[in-house]
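Read in the UniProt record's numbering, the sequence shown has 311 at position 311, and its numbers run on one by one without any break.
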Amino acid sequence: MPIVADLGKLAATLEKAVPRRLWSIDKPEQTCVPPKKVKILFARIKTPAIRCRITGTVVRGPLVLEGSGKTITVTMPLHAAISARDVGGVLSRETAEADARVRAVARLDIAGDWSPRATVSIAYDWTDEPHVDFLGQRIEFTSKADAKLAGVVARLEHTLPQELGRLQLREQIAQVWGAAFTSVQLNRANPPVWMRITPRQLSYGGYTISRNRVNLALGLTAGTETFVGDRPPDPQRQPLPAMTRMQPGPGRILFAIPVIADYRQLEPVLAKALVKRSRRPFEVPGVGAVRAQFYQVTIYGTTGGKIAVGLRFSAAAEGGEPSRGTIWLTATPRNAVNDRRVAFDDLTVAGVTDSVRTSLLLKLVNAPGISSTVSAALTQNFEKDFDELLAKITRAIDEKRIGDLIVRAHITDVRTGQLKAAGQGVYLPVWGRGTATIRLAPR
């Protein structure tokens with residue numbers, strides 16, 4: 001989850017913070033040329049010191065700010081104009097001009113309260129040291145200029161970290177933290193599925209600088225909850241926590257989703273199978289051939305992880321009176337872990353309602369023809385439903401805007417659990433994991 005700060009703003013604020021005229025100097029009675037011993041004919045004599053008055057100013061040019069990798073570099077060009085006045089009471093004025101370049105290199109860090117810090121190292125060098133030539137002597141002004149430059153360097157060391165605070169990194173980080181308390185829609189319908197995100201921890205994983213933009217790498221640790229149905233309320237926002245260090249590696253995402261086969265989708269499948277089978281008579285032990293006509297199939301979830309199947313039909317043996325009514329069966333859905341094929345076991349008769357001449361109906365339902373048809377028709381392969389839902393979720397989280405955040409996720413692994421009969425339908429739990437990145441992109 002990167003946070004981006006434009007270094008152009010930092011350059012502008014530094015321009016305002018550092019004055020153009022850095023310092024001036026006016027020092028009378030300075031030793032411009034120290035005394036020397038010289039040999040004239042056979043004698044050695046000592047020349048007197050030559051004194052002068054040193055004046056001058058140093059101004060700076062435009063600051064140049066560059067960022068790359070892990071460092072921010074500020075280059076400040078300097079121009080010095082220094083004069084020697086009243087040199088030895090002979091030379092009224094001699095002016096020297098020189099240029100220097102101050103280079104400040106800053107390395108960023110983030111404190112525990114998410115405020116930026118910087119370690120600054122500064123160096124400078126003269127491209128041409130300030131001096132004048134007088135009577136064959138070189139008068140150096142470097143030491144005088146260096147003393148003043150030390151103050152300029154100290155000021156830049158103090159100003160640069162201060163101005164980094166104006167990048168509003170902490171404010172951006174707090175904005176990302178608050179926006180992450182939300183819900184993401186994983187599936188629009190059949191069924192609607194939401195993943196509610198509750199952030200728990202925000203960590204810092206370093207930074208890179210590219211094209212004069214600081215990119216902070218942040219890691220968000222959050223709890224997720226899956227809801228089927230309407231969008232859940234967003235979790236209550238919490239204050240920005242203290243910074244922790246992020247472990248290296250890509251961001252990870254874990255989620256849980258349900259694949260649900262609605263009972264209303266199973267009912268016509270079973271009804272069609274029973275009607276097709278009823279074109280041939282059923283062999284009922286002790287009765288013989290029995291003709292049946294099926295009118296309605298009802299399926300719903302019941303207790304004990306079972307489903308209830310209601311068959312409303314009529315049946316008649318050869319030459320006998322027809323029987324009619326509704327027989328209720330129960331069955332248990334079963335599948336293996338990571339297997340989307342489901343079978344229904346333990347098919348048993350649970351009751352009879354609205355029936356006339358119940359005995360024949362019960363015998364027919366317990367006959368192999370009915371039980372095998374019901375079991376075969378209910379046996380489903382969730383692979384297609386699973387693939388369709390997974391495709392929807394992949395599209396939903398591939399690039400998802402949440403307020404000012406853009407979330408990109410890639411699913412890398414999916415596993416399925418064991419089926420459960422619920423009130424709405426047969427429920428197949430699915431767990432997934434993948435990688436994710438989050439980017440701040442205000443509208």
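Using N, Cα and C, we set each Cβ at its ideal position, and we do this for glycine too.
The structure presented is a predicted model; accordingly, all values stated were derived computationally and were not measured.
Please work out which residues of its chain come closer than 7 Å, Cβ to Cβ, to K420, disregarding the five sequence neighbours upstream and downstream, and give them in chain order. G305 and Y427
Given a threshold of 16 other Cβ atoms within 10 Å of its Cβ, counted over all protein chains shown, does K272 qualify as buried or as exposed? exposed
Bridge partners for residue 503 per DSSP, in chain order? Summary: the structure shown does not reach residue 503, with the chain confined to residues 1 through 443, and so no result is reported for it.
Please state whether DSSP places residue 491 in a helix, a strand or coil. Residue numbering for the chain in the displayed model covers 1 to 443; residue 491 lies beyond these limits and cannot be assessed.
Ignore the nearest five residues each way along the sequence and tell me which others in G320's own chain have a CB closer than 8 Å to its CB. L360
In whole angstroms, what is the alpha-carbon distance linking A261 and R170? 47 Å
Between the alpha carbons of Q247 and M195, how many angstroms are there, rounded? 25 Å
If I measure Cβ to Cβ from L270 and keep anything under 8 Å in the same chain, skipping five residues before and after, which residues do I get? V297, I299, V309, V374, A377 and L378
Sort P233, R395, V176 and P116 by Cα distance to L10 and report the nearest one. P116
Under the three-state reduction of DSSP, which class applies to Q236: helix, strand or coil? Here Q236 sits in coil by DSSP.
Take A180 as the anchor and find which of E163, L220 and S24 has the nearest alpha-carbon. Nearest to A180 by C-alpha distance, out of E163, L220 and S24, is L220.
Using the DSSP secondary-structure output, state which residues sit across from M76 in a beta bridge. Answer is V102, bridged to M76.
Quick check on R340: buried or exposed, where buried means 16 or more other Cβ atoms within 10 Å of its Cβ? buried
Residue ranges of each alpha helix (DSSP H) within the stretch 366-396, 4 or longer: 368-378
Is L167 closer than 9 Å to V214 when the C-beta atoms are compared? Yes; because the gap between Cβ atoms is below 9 Å, this pair is in contact.
Beta strand (DSSP E) segments (min. 3 residues) lying fully within the stretch 242-278: 252-262
So what's L419 in DSSP terms, helix, strand or just coil? It is coil, neither helix nor strand.
Thinking just about the alpha-carbon of each residue, which of P241, G229, Y207 and T119 is nearest to the one in W177? P241
Start and end residues, alpha helix (DSSP H) containing A179: L169 to A179
Sequence-distant residues of the same chain with beta carbon closer than 6 Å to I72, five excluded per side: A106
If the criterion is Cβ atoms closer than 9 Å, does the pair G69 and T198 meet it? no
State the Cα-Cα distance for the pair T348 and D385, rounded to the nearest angstrom. 28 Å
Hey, quick one: how far does the beta strand (DSSP E) through P333 stretch, first residue to last? S323 to R334
Local Cβ density within 10 Å of P48, reported as buried at 16 or more and exposed below that: Since pLDDT at P48 reaches only 48, below the 50 mark, its modelled position is unreliable, and no value is offered.
State the Cα-Cα distance for the pair D26 and T95, rounded to the nearest angstrom. Approximately 13 Å between the Cα atoms of the pair.
Helix, strand or coil for A189, going by three-state DSSP, please let me know. coil
Give me, in chain order, the residues of the same chain whose beta-carbon lies closer than 7 Å to that of I40; leave out the 5 immediate sequence neighbours on both sides. Note that I40 scores 41 on pLDDT, short of 50, meaning its location in the model is unreliable; the coordinates nonetheless yield the value given after this. Once the five neighbours on either side are set aside, I40 has no close Cβ partner at all.
Just verifying my parser: in three-state terms, what is the DSSP assignment at D6? strand
According to DSSP, is D398 part of a helix, a strand, or is it coil? Assignment of D398 by DSSP, reduced to helix, strand and coil, places it in the helix class.
Start and end of the beta strand (DSSP E) containing L311? In this chain, the beta strand (DSSP E) harbouring L311 covers I307 to A317.
Per-residue DSSP class, three states only, for R166: helix
What's the C-alpha gap between R245 and G205? 6 Å
Can you tell me whether L216 is buried or exposed? The criterion is at least 16 other CB atoms within 10 Å of its CB, across all chains shown. buried
Going by the C-beta, is A367 closer than 8 Å to any heavy atom of the ligand HEM? For the ligand HEM, the structure offers nothing, since it holds no ligand at all.
Can you give the Cα-Cα distance for P285 and P429, rounded to whole angstroms? 41 Å
With DSSP as the reference, label G288 as helix, strand or coil. strand
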